[in-house]
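Participant: Numbers 1 to 162, taken from the working numbering, label the letters of the sequence shown in order. Note that beta-carbon positions come from the ideal geometry of N, C-alpha and C, so glycine has one too. From a predicted model like this one, the values you see are computed outputs, not experimental measurements.
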Amino acid sequence: MSADSSGILPELLSQVTVLKVAHALDYEPIQPGRIYVAPPDHHLLIESGHLRVTRGPKENRFRPAIDPLFRSAAYAYKNRVIGVIVSGALDDGVAGLWTIKNNGGIAVVQDPDDADIPSMPQNALREAPVDYCIPAADFPALLQKLIKQKLPPGVQRSKYYP
């Protein structure tokens, strides 16, 4: 999304889900059952229990970018993170997906043959360890299955993660 965009993504997403969708606010507590969207020209980061909205340096020529989001989620929630890469251009998300995998999380990538713009999924598959490569239509069932899986012994789910 460009820096001068009007930020209509929450409105668009609200039309296809019953979940509450909104631009994230800096230091907003994370709430289950809610979709947070980075405001235009800001990165969305995750810290333990809350969100950060920053104007850090652009990555892959954009702000917001998915790599800072993925990295921050992996640092905060380690193996309880599921990174998902979908249709898009260039290789945004690959470095963040590596961080998720290095912290024990799960990587899910849209099948490039199913993507309108296949380069992000293709780059993720080529450069990062990926656990699942599936069509977008299969995401809901897979994600529901993954969040219900039992975690390894000694690992507890937080109140911010189902």
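Hey, would you say residue 29 sits closer than 8 Å to residue 50, going by beta carbons?
Facilitator: yes
Participant: Roughly how many whole angstroms lie between the Cα atoms of residue 81 and residue 133?
Facilitator: 17 Å
Participant: Per DSSP, what are the beta-bridge partners of residue 110 in this structure?
Facilitator: 134
Participant: Is it buried or exposed for residue 113, if we count other Cβ within 10 angstroms and need 16 for buried?
Facilitator: exposed
Participant: Within the continuous beta strand (DSSP E) that includes residue 8, where are the two ends?
Facilitator: Premise fails: residue 8 is in no beta strand (DSSP E) and is neither H nor E.
Participant: Which first and last residues belong to the alpha helix (DSSP H) in which residue 75 is found?
Facilitator: 66-77
Participant: Give the straight-line distance between the Cα atoms of residue 139 and residue 131, rounded to the nearest whole angstrom.
Facilitator: 13 Å
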